[in-house]
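**Q** The structure under discussion is supplied below as structure tokens; questions concerning it will follow.
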Amino acid sequence: MAADNEGRDQVEGFAARLRDAGVKVTHQRLVILRETAAAGSHPDVETVYRAVRQELPTVSLDTVYRALHLFADLGLIGTLGLSGGRVRFDPNTGPHHHLVCSQCGEIQDFEEPGFDHLGLPASAAGLGSVDSAHVELRGLCAHCVRARRSKTSSR
Ligand SMILES: [Zn+2]
Ligand SMILES: [Zn+2]
Numbered sequence: 006m007a008a009d010n011e012g013r014d015q016v017e018g019f020a021a022r023l024r025d026a027g028v029k030v031t032h033q034r035l036v037i038l039r040e041t042a043a044a045g046s047h048p049d050v051e052t053v054y055r056a057v058r059q060e061l062p063t064v065s066l067d068t069v070y071r072a073l074h075l076f077a078d079l080g081l082i083g084t085l086g087l088s089g090g091r092v093r094f095d096p097n098t099g100p101h102h103h104l105v106c107s108q109c110g111e112i113q114d115f116e117e118p119g120f121d122h123l124g125l126p127a128s129a130a131g132l133g134s135v136d137s138a139h140v141e142l143r144g145l146c147a148h149c150v151r152a153r154r155s156k157t158s159s160r
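With our numbering applied, the sequence shown covers 6 to 160.
Rendered as structure tokens:
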């Protein structure tokens, strides 16, 4: 199936979920959702805003911000809080885990069923009520590993 068709199916799915959640389906919201999914790698508000503006030049950052938080509240997208960073949004709501690049900030998904059902340790259970858990690996993305290697070899 072509990527275009998948994109359309995904937007149709998002539209259905907006309707199911009792939220008005507007062209603007669909564009924002589509661009969030198209951005692929956990975009922040600014990144989605820049992409949406290509199609909707009059859209405001605040509108995009509010739409993204609405989608997150509805469970249409996930959110990631980064220490010292901005909130990043995650179009992938299936069970998955992340590799965070400490050099460029790229966040990549990976799946590992063994990580999906980690038992909650007693030390965490006492802290409050837990809704979900995911594993975050930190290191360098393949791109930054290559960049670092070529820098070292050219010295
Ligand atoms: Zn990187
Ligand atoms: Zn993700």
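Every residue, glycine too, gets a C-beta built ideally from N, C-alpha and C.
#1: Across the segment 139–149 and the segment 106–122, are there enough close Cβ pairs to call them in contact, namely three or more that are closer than 8 Å?
#2: Only counting the same chain, and skipping five residues up and downstream in sequence, which positions put a Cβ closer than 6 Å to that of R93?
#3: Hey, V16 and R34: beta-carbon distance below 7 Å or not?
#4: Go to R91, then tell me how far its alpha helix (DSSP H) extends in each direction, as first and last residue.
#5: Decide yes or no for the touch test of the segment 104–114 against the segment 74–83: beta carbon pairs closer than 8 Å, at least 3 of them.
#6: CA-CA distance, V69 and Y54?
**A** Looking at the coordinates:
#1: yes
#2: In the sequence shown, the residue the question calls residue 93 occupies position 88. Same-chain partners within the cutoff: H47, D49 and L85.
#3: Reading the sequence shown from its first residue, position 11 is the one you call residue 16. Reading the sequence shown from its first residue, position 29 is the one you call residue 34. Cβ atoms of V16 and R34: not closer than 7 Å.
#4: Against the sequence shown, residue 91 aligns to sequence position 86. Careful: R91 lies outside any alpha helix (DSSP H) and carries neither H nor E.
#5: Note that the segment 104–114 does not touch the segment 74–83; fewer than 3 beta-carbon pairs, one per stretch, sit closer than 8 Å.
#6: Looking up residue 69 in the sequence shown gives position 64. Looking up residue 54 in the sequence shown gives position 49. Distance between the alpha carbons of V69 and Y54: 6 Å.
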